[in-house]
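Have a look at the structure below before the remarks.
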(Lines of atoms letter the chains of each structure in order from A and count residues from 1; the text may use other names and numbers.)
(Lines give C-alpha, C1' and ligand atoms only; values in the text may rest on other atoms or scores of the structure.)
Protein backbone atom coordinates (compact mmCIF):
# COMPACT_ATOMS: atom_id res chain seq x y z
CA UNK A 1 0.00 0.00 0.00
CA UNK A 2 1.25 3.52 -0.73
CA UNK A 3 0.71 7.10 0.40
CA UNK A 4 2.10 10.24 -1.25
CA UNK A 5 3.30 13.02 1.02
CA UNK A 6 5.89 15.78 1.20
CA UNK A 7 9.40 15.33 2.56
CA UNK A 8 8.59 17.91 5.23
CA UNK A 9 5.47 16.06 6.41
CA UNK A 10 7.45 12.80 6.62
CA UNK A 11 10.22 14.53 8.60
CA UNK A 12 7.61 15.94 11.01
CA UNK A 13 6.13 12.46 11.42
CA UNK A 14 9.48 11.06 12.44
CA UNK A 15 9.75 13.69 15.18
CA UNK A 16 6.12 13.21 16.27
CA UNK A 17 6.34 9.40 16.26
CA UNK A 18 3.40 8.95 13.86
CA UNK A 19 2.20 10.25 10.49
CA UNK A 20 -1.03 12.15 10.01
CA UNK A 21 -2.45 13.90 6.95
CA UNK A 22 -4.90 16.80 6.60
CA UNK A 23 -7.53 14.35 5.36
CA UNK A 24 -7.52 12.61 8.75
CA UNK A 25 -8.96 15.76 10.34
CA UNK A 26 -11.22 16.67 7.40
CA UNK A 27 -12.54 13.24 6.35
CA UNK A 28 -11.59 10.95 9.21
CA UNK A 29 -9.06 8.85 7.28
CA UNK A 30 -5.77 8.97 5.37
CA UNK A 31 -6.03 8.29 1.63
CA UNK A 32 -3.78 5.57 0.24
CA UNK A 33 -3.51 3.58 -2.96
CA UNK A 34 -2.02 0.44 -4.35
CA UNK A 35 1.65 1.07 -5.26
CA UNK A 36 1.06 0.49 -8.97
CA UNK A 37 0.31 2.31 -12.21
CA UNK A 38 -3.46 1.83 -11.92
CA UNK A 39 -3.84 3.80 -8.68
CA UNK A 40 -0.67 5.58 -7.57
CA UNK A 41 0.09 7.35 -10.85
CA UNK A 42 -3.43 8.68 -11.60
CA UNK A 43 -3.66 10.03 -8.03
CA UNK A 44 -0.22 11.64 -8.30
CA UNK A 45 -0.95 13.24 -11.66
CA UNK A 46 -4.34 14.55 -10.51
CA UNK A 47 -3.33 15.92 -7.10
CA UNK A 48 0.43 16.58 -7.25
CA UNK A 49 1.32 17.39 -10.87
CA UNK A 50 4.54 19.42 -10.96
CA UNK A 51 5.22 19.21 -7.23
CA UNK A 52 8.85 18.28 -6.61
CA UNK A 53 9.17 17.69 -2.85
CA UNK A 54 7.31 14.37 -2.67
CA UNK A 55 7.97 10.90 -1.32
CA UNK A 56 5.96 7.70 -1.46
CA UNK A 57 5.49 5.88 1.82
CA UNK A 58 5.22 2.13 1.32
CA UNK A 59 3.05 0.77 4.10
CA UNK A 60 2.78 -2.82 5.34
CA UNK A 61 -0.92 -3.24 6.25
CA UNK A 62 -0.21 -5.98 8.81
CA UNK A 63 1.90 -3.54 10.84
CA UNK A 64 -0.75 -0.81 11.07
CA UNK A 65 -2.21 -0.05 14.48
CA UNK A 66 -5.05 2.03 12.96
CA UNK A 67 -8.01 0.48 11.17
CA UNK A 68 -7.66 -0.12 7.41
CA UNK A 69 -10.67 -0.24 5.08
CA UNK A 70 -10.76 -0.76 1.31
CA UNK A 71 -13.52 1.48 -0.03
CA UNK A 72 -14.86 2.63 -3.38
CA UNK A 73 -14.13 6.25 -4.27
CA UNK A 74 -17.51 6.42 -5.99
CA UNK A 75 -20.06 3.73 -6.76
CA UNK A 76 -18.58 1.18 -9.14
CA UNK A 77 -15.05 2.57 -8.97
CA UNK A 78 -11.86 0.89 -7.84
CA UNK A 79 -11.44 0.23 -4.14
CA UNK A 80 -8.82 2.34 -2.37
CA UNK A 81 -7.26 1.76 1.04
CA UNK A 82 -8.20 4.25 3.75
CA UNK A 83 -6.48 4.33 7.13
CA UNK A 84 -8.75 5.47 9.97
CA UNK A 85 -6.15 6.95 12.29
CA UNK A 86 -2.50 7.99 12.33
CA UNK A 87 0.05 5.78 10.62
CA UNK A 88 2.48 4.32 13.13
CA UNK A 89 6.04 4.63 11.87
CA UNK A 90 6.69 0.87 12.16
CA UNK A 91 4.13 0.31 9.38
CA UNK A 92 6.18 2.35 6.89
CA UNK A 93 8.60 -0.16 5.39
CA UNK A 94 10.16 2.06 2.73
CA UNK A 95 10.23 5.71 1.68
CA UNK A 96 10.86 6.38 -2.01
CA UNK A 97 11.75 9.66 -3.70
CA UNK A 98 8.95 10.67 -6.06
CA UNK A 99 10.15 13.42 -8.43
CA UNK A 100 8.02 14.51 -11.35
CA UNK A 101 9.15 14.13 -14.94
CA UNK A 102 10.07 17.32 -16.83
CA UNK A 103 6.44 17.76 -17.94
CA UNK A 104 5.26 17.59 -14.30
CA UNK A 105 3.68 14.13 -14.51
CA UNK A 106 4.81 11.08 -12.57
CA UNK A 107 6.02 7.58 -13.27
CA UNK A 108 6.45 4.75 -10.82
CA UNK A 109 9.58 4.91 -8.68
CA UNK A 110 12.10 2.18 -9.42
CA UNK A 111 11.28 -1.12 -7.78
CA UNK A 112 7.51 -0.82 -7.92
CA UNK A 113 5.33 -2.94 -10.24
CA UNK A 114 4.42 -1.39 -13.59
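Numbering (our numbering), first residue to last: 2 to 115. Idealized CB from N, CA, C, for every residue including glycine.
Take the alpha-carbon of residue 19 and the one of residue 12: they are about 10 Å apart.
DSSP places residue 87 outside both helix and strand once states are collapsed to three, so it counts as coil.
Residue pairing for residue 70: DSSP places it in a beta bridge opposite 83. The C-alpha of residue 36 is placed about 19 Å away from the C-alpha of residue 89. Rounded to whole angstroms, the separation of the alpha carbons of residue 99 and residue 93 is 16 Å. Residue 3 sits in a strand when the DSSP states are folded into three classes. The criterion of a C-beta distance shorter than 8 Å is satisfied by residue 38 and residue 109.
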